[in-house]
Amino acid sequence: MKQQGLFITFEGPDGSGKTTQIQLLQKYFQQKGLRCLLSREPGGTEIGEKIRTLLLDKAHTEMDFAAEALLYAAARAQHVAQVIGPALRRGEVVICDRFVDSSIAYQGYGRQLGEVVAQINRFATGELCPDVTFFMQLAPEKARERIKARKCDRLELEQLAFHQRVFAGYQQLEQAEPQRIVAIDASGSIEEIHEIICERMEALLLCR
Ligand code: TYD
Numbered sequence: 000m001k002q003q004g005l006f007i008t009f010e011g012p013d014g015s016g017k018t019t020q021i022q023l024l025q026k027y028f029q030q031k032g033l034r035c036l037l038s039r040e041p042g043g044t045e046i047g048e049k050i051r052t053l054l055l056d057k058a059h060t061e062m063d064f065a066a067e068a069l070l071y072a073a074a075r076a077q078h079v080a081q082v083i084g085p086a087l088r089r090g091e092v093v094i095c096d097r098f099v100d101s102s103i104a105y106q107g108y109g110r111q112l113g114e115v116v117a118q119i120n121r122f123a124t125g126e127l128c129p130d131v132t133f134f135m136q137l138a139p140e141k142a143r144e145r146i147k148a149r150k151c152d153r154l155e156l157e158q159l160a161f162h163q164r165v166f167a168g169y170q171q172l173e174q175a176e177p178q179r180i181v182a183i184d185a186s187g188s189i190e191e192i193h194e195i196i197c198e199r200m201e202a203l204l205l206c207r
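Read in numbering that gives the first Met the number 0, the sequence shown has 74 at position 75, and its numbers run on one by one without any break.
See the structure below:
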């Protein structure tokens with residue numbers, strides 16, 4: 000898909016500070032006078048939010064792993080068709096909290112579904128790929144500590160071994176695509192991390 004805008008995604012475990020950094024990055028673009036749309040997955044559309052409720056409901060312990068992967072991909076297809084694609088074609092900046100890399104890490108590696116996850120997502124997204132992805136790197140043990148106080152969703156309730164596979168999956172993705180995926184140590188301060196992200200954005204904007 001040919002796109003004029005800029006597509007930025009954030010990845011990493013819950014508790015890694017994605018939300019704070021996404022909000023700071025939106026301000027950075029707004030200060031430059033650029034339109035910047037924030038969205039999240041699963042969700043971002045009415046249909047996607049309904050699928051999100053299905054996916055994260057703790058009562059759905061019987062959910063089949065293939066059904067899970069397809070539901071994430073279905074929500075994503077709607078999101079790309081209805082929100083992300085049109086915004087990029089209008090030339091806007093889109094920042095998304097999670098995208099295909101989450102499915103590859105959680106369903107591909109965590110659930111051990113493998114390569115099929117990338118295939119269904121190529122179909123779901125029309126092969127739309129982020130221009131840059133910030134991977135907030137936080138060891139699963141530390142992420143668990145940070146979210147302990149909160150109510151967990153269905154995936155966060157998974158065992159540590161699952162989250163270790165997810166983390167290893169992200170590391171594999173980063174090694175395979177170092178030009179797109181920027182790994183950031185999530186234990187740094189909010190300001191330090193924002194600085195790293197801004198530097199990367201400046202470099203990317205210069206090349207366009
Ligand atoms: P969310 O509350 O948005 O978590 P976070 O704040 O960590 O982004 O819940 C999303 C959950 O769904 C999270 O546990 C990761 C998981 N997930 C997948 O397993 N596959 C996917 O493709 C996506 C987008 C999310």
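Here a beta-carbon is modelled for each residue, glycine too, at the ideal position from N, C-alpha and C.
When C-beta atoms of the segment 188-203 are compared with those of the segment 12-25, three or more pairs fall below 8 Å, so the two segments count as touching. DSSP places Asp100 inside the alpha helix (DSSP H), whose first and last residues are Val99 to Ser102. A direct Cα-Cα distance of roughly 13 Å separates Phe9 from Arg199. Leu33 carries a coil assignment under DSSP once its states are collapsed to helix, strand and coil. Straight across, the Cα-Cα distance linking Phe133 with Ala68 is about 22 Å.
In this structure, the straight-line span from the alpha carbon of Arg51 to that of Gly32 is close to 32 Å.
In terms of Cα proximity to Asp130, the closest of Arg149, Asp56 and Leu203 is Leu203. When beta bridges are read from the DSSP output, Thr8 appears opposite Cys95 and Thr132. Within the chosen limit of 6 Å, the ligand TYD does not reach the beta carbon of Arg143 with any heavy atom.
By the neighbour-count definition (other C-beta atoms within 10 Å, threshold 16), Pro41 is a buried residue. Distance between Glu144 and Glu155, taken at the CA atoms: about 12 Å.
Relative to the non-hydrogen atoms of the ligand TYD, the Cβ of Glu155 comes within a distance shorter than 6 Å of at least one. For the pair Gly168 and Gly109, the Cα-to-Cα distance works out to about 8 Å. DSSP, read as helix, strand or coil, puts Arg39 in strand. Going by DSSP, Ala182 is part of the beta strand (DSSP E) stretching over Ile180 to Asp184. Assignment of Arg89 by DSSP, reduced to helix, strand and coil, places it in the coil class. The beta-carbon separation of Leu137 and Pro12, rounded to 6 Å, stays under the 8 Å limit for a contact.
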